[in-house]
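Just below is one structure, and these are the notes that go with it.
Residue numbers (the numbering used here), protein chains in the order written: chain G, 1 to 285; chain E, 1001 to 1475.
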C-alpha cells in the first residue's frame, strides 16, 4: 500500500508567525505542467497593513542590533537554507519545471548571496560613510542608517529572486514587507520557514502571497512605509501608479529594471534604502 | 543709559542693477516669451528690475542648448578641464564677492553680515570643492567609471538664492552634466549675475542655462522629456508634485524639502552657548531656513532659566535694513511669506500658545516680522507641526532623554536636529536616535561643501555636499 503524502498548508508569514489571510481567500498554484500544487493564501489590504505594523514594530530592535549581530543572523539564514537545499531544489523543479542542475544552481546562488550580504553588514557603513574635512574647528562625519520599513515586490525566481531583494534591504537594518512572486509563491513561504528558524526576529521580514496588482497599491500608499522596491513589477503602468502613490510621503523608490539574478548584485540594492546622517560637533578643550 | 547704534550701511554703489533682464540661454541673454515680472527689494518694496518669464518654448530652447552643450562639448571634455572651469568660477565669485553679497541682500532681504560672511564664501567654497572632484570621480566609490546623466533641470528656492545655485550647479558640472536652472521668482538677480560669471569664465555656451519664472516655468522644466535629472530644493508640497511628475520616467531625482527641526537642550548644557545656538538656529536668515531649529525642546528643570536668558538675548537682536552691517534680522522675503507667518502665528495664539516678542521697531515699508517665541506649545499645535519658515520658535519641554527623542521624531519631517549637552555619550546616543539627516551637537546651522546635507522621511531624498553629493549626478 502506498503512503499518502502529508501536504503542507501554505500561509502568510507576518510578525514571525504563519497566519492565513484574514480574508479567508486563497488561490490555486499549479506546477510547471499545469497540475494543482497547492492553494496559496491570497493576502488582502488588511494583511498588508498587519504586515507593515509588524515590520514597524520590529524596526527599532533590528536596526538597533549591532551590524556584527545582523551579519550573523543573515549567515544563519544561509546555514539553515544550505541544510534544506534538497527541499528547495525539489520545489523549484516542480514549480518552475527547471532541470535538477538548474535548480541546484539557483539554490546554491541563493545561499551564496545570503553569505555575501551577511558579510556586508559591518562594512557598508565603512564604504558609504565619510569623515568630512570641513573648513572649521568641527568634528564631522557621515554614516548610513536604515530608511525604515521597505515594501518589496519580489521578482520571478521564487528563491533567488526573493533572497536577492530581501537580503540587501534587511542587512542594513531595515525591516520589510515583501510580496512574493505571484505565479510562484510557495517557495517564498518555505523560505519564511527558514527565516523563522534562523534567529531572525519576527517582523523583520514579512511575506505576503497573492495579487501584486491588488496588494502593492496599499503598500505604496501606506504612510508608515518608507521605501518601495518595484523590482518585481512587470507592468509599466502599474509601476508608474505605484511610484505616484509612493510620492505622498516621499518614499524612496527603486524602479524596476533589467537585472540578471545570477550576476553580482548592484550596490544600490542596499544604498537605495539607506539614509545618510551627518553629525557635527565643535572641537575644543 | 542706552547706547544707540549709528547706522553702518554697506554701499549699494558696487552693484549695477539693470532695468530689465532676459533669460540666459546658450551663453547669451535672450528675451523670454512669457509675461515678465518684477523683482522687488523686500526691505523697501522698491522695484529692482523687470525679469523675463520663460514659457514652455523658452524652457525647451534652454534644454536643447544644454543638450547640445552636453553632447558636443561638456561630456567629451576631460574631468581635469571641467574642473579648471569650476576653479575659475570659484575664483571669480571670490573676486566679485562684495558685489554678490550686496545684491543678494538687496534682492532677498537677508542681513549683509550673513550674505557677506556665510552665503557668498560658501558659494565660492562649494565650486572650489567640486572643482577638485571633476577628475577624481573614479575614486568616489560610485563605480569604477561613473558617467554623467546628461541634462539636469534644477529648481531652487529664495532663501539662499546664490548658495542653492552653487549646491546645484557645482556638483552637476563636476560630474559632466549640463544644467538648466530656475531661480525663485522673488530672488532671480544673483543667478543672473552668476550668468555673467559664466561668461567671464568662458564657460562653453549652453553648459549653464538660467530660466527665470515662477511655478509654471519650474513645472515645464522638471517635466521636460529631455531632462535626465531633476534637483529641487523647496517645499514638501512641491517636492511631492515633482516626485509624481517624474514617476515612470528614467529621471533621477533629488529633493531637499521642508523641516521642523528640534533643538534639544539638556540641563547640563552650557546655557550661554545653547542660547546662542537657539538664536542662530531660528533667527538666522529670518528663519527662512529649511533646517531651522524651529522647535526648542528644553529639559524641564532648566526651562525657566533658558527662557529668561533667551528673552534677554532676543532683546539685543537688531531688526532692520539688510544692508546695515549691524543688522541681525533682515526683511521677510515676500508679502506672501509674511502673510503665511502671520497666519500660523495667529493660529498658534488661537490654539492657546503664549506669544512673546521683544520690543522692536519695524520699518514702515517692506515686509517685517519681529523675532517671536511661543511657549505653552503642545505637540498637537499647528505651530509645532508645520513649517513656518520665519523667525518663530515653538518652545516645548521634556523630562527624560527618551521623551526628547520621541518628541523630536514626532514629525513627518527629518532634515536636521540639534543637541546641547556636556555629556559625550549622551550626544552620540541622541545623534543615533534622531531621525534626521544632519545632527548638530553643541552647535547649529553649520554648513560646509564637504559635509553632506539632506533629509529623512518627508524632508526629501538624496544628499547635497561632500562625496555623497556626487551620487545624484552620475550613473
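Don't be surprised by glycine CBs; every beta carbon is placed ideally from N, CA and C.
Three-way DSSP call (helix, strand, coil) for residue i in this model
i                       : result
residue 1422 of chain E : coil
residue 10 of chain G   : coil
residue 1268 of chain E : coil
residue 175 of chain G  : strand
residue 1494 of chain E : Nothing can be reported for residue 1494 of chain E, as the shown portion of chain E is limited to 1001 through 1475.
residue 1368 of chain E : coil
residue 1002 of chain E : coil
residue 1469 of chain E : helix
residue 1334 of chain E : coil
residue 1237 of chain E : helix
residue 1049 of chain E : strand
residue 1036 of chain E : coil
residue 1350 of chain E : helix
residue 116 of chain G  : helix
residue 254 of chain G  : strand
residue 131 of chain G  : strand
residue 1315 of chain E : coil
Among the options, nearest to residue i - alpha-carbon criterion
i                       : options                        : result
residue 1392 of chain E : E:1356, E:1365, E:1418         : E:1356
residue 1369 of chain E : E:1375, E:1427, E:1419, E:1317 : E:1317
residue 228 of chain G  : G:174, G:20, G:211, G:93       : G:174
residue 1458 of chain E : E:1249, E:1413, E:1421         : E:1413
residue 1274 of chain E : E:1200, E:1323, E:1303         : E:1303
residue 121 of chain G  : G:127, G:70, G:106             : G:70
residue 1444 of chain E : E:1416, E:1371, E:1143, E:1271 : E:1416
residue 1360 of chain E : E:1056, E:1142, E:1319         : E:1319
residue 202 of chain G  : G:56, G:91, G:255, G:148       : G:56
residue 1465 of chain E : E:1451, E:1434, E:1232         : E:1451
residue 165 of chain G  : G:266, G:139, G:2              : G:266
residue 262 of chain G  : G:107, G:144, G:145, G:190     : G:107
residue 64 of chain G   : G:46, G:146, G:14              : G:146
residue 1306 of chain E : E:1287, E:1284, E:1288, E:1266 : E:1266
residue 18 of chain G   : G:283, G:129, G:207, G:76      : G:207
residue 1160 of chain E : E:1249, E:1197, E:1230, E:1288 : E:1288
residue 1408 of chain E : E:1073, E:1229, E:1058, E:1432 : E:1432
residue 1189 of chain E : E:1024, E:1472, E:1132         : E:1024
residue 1315 of chain E : E:1362, E:1286, E:1371         : E:1371
residue 1403 of chain E : E:1438, E:1430, E:1363         : E:1430
residue 1410 of chain E : E:1440, E:1261, E:1453         : E:1261
residue 153 of chain G  : G:232, G:73, G:101             : G:232
residue 40 of chain G   : G:244, G:26, G:101, G:283      : G:26
residue 1390 of chain E : E:1259, E:1204, E:1454         : E:1259
CB-CB length for residue i against residue j, believed under 8 Å
i                       : j                       : result
residue 109 of chain G  : residue 160 of chain G  : 5 Å
residue 58 of chain G   : residue 7 of chain G    : Wrong, their Cβ atoms sit about 30 Å apart, outside the cutoff.
residue 103 of chain G  : residue 78 of chain G   : Contact flag wrong, Cβ pair sits at about 18 Å.
residue 1211 of chain E : residue 1182 of chain E : 5 Å
residue 1423 of chain E : residue 1268 of chain E : 6 Å
residue 1331 of chain E : residue 1009 of chain E : Not really, about 14 Å apart at Cβ, beyond 8 Å.
residue 1036 of chain E : residue 1050 of chain E : 5 Å
residue 16 of chain G   : residue 196 of chain G  : 6 Å
CB of residue i within 8 Å of CB of residue j, strictly
i                       : j                       : result
residue 1119 of chain E : residue 1162 of chain E : yes
residue 1137 of chain E : residue 1083 of chain E : no
residue 1102 of chain E : residue 1012 of chain E : yes
residue 1396 of chain E : residue 1297 of chain E : yes
residue 96 of chain G   : residue 184 of chain G  : yes
residue 1108 of chain E : residue 1148 of chain E : no
residue 23 of chain G   : residue 12 of chain G   : no
residue 216 of chain G  : residue 179 of chain G  : yes
residue 90 of chain G   : residue 1448 of chain E : no
residue 221 of chain G  : residue 182 of chain G  : no
residue 1156 of chain E : residue 1254 of chain E : no
residue 1456 of chain E : residue 1436 of chain E : yes
residue 1236 of chain E : residue 1257 of chain E : yes
residue 1150 of chain E : residue 1021 of chain E : no
8 Å Cβ cutoff, residue i in contact with chain B
i                       : result
residue 1454 of chain E : In summary, chain B is missing from the structure at hand, where the protein chains are G and E.
Entirely enclosed alpha helix (DSSP H) segments - the stretch 1183-1235 of chain E, minimum 4 residues
1189-1200, 1215-1222
List in chain order: all unbroken beta strand (DSSP E) runs of 3+ residues lying wholly within the stretch 1388-1457 of chain E.
1392-1398, 1416-1420, 1438-1441
What residue ranges within the stretch 1072-1156 of chain E form continuous beta strand (DSSP E) runs of no fewer than 3 residues, ordered along the chain?
1151-1155
Restricting to runs no shorter than 4 residues, where is the alpha helix (DSSP H) found entirely within the stretch 165-239 of chain G?
186-196, 212-221
Where are the beta strand (DSSP E) runs, 3 residues long or more, that stay fully inside the stretch 1268-1305 of chain E, in chain order?
1295-1299
3 or more residues per run - each beta strand (DSSP E) lying fully within the stretch 4-81 of chain G:
26-30, 36-41
Any chance you could list the beta strand (DSSP E) runs of at least 3 consecutive residues sitting entirely within the stretch 80-112 of chain G, in chain order?
Counting whole runs of 3 or more residues, the stretch 80-112 of chain G contains no beta strand (DSSP E) stretch at all.
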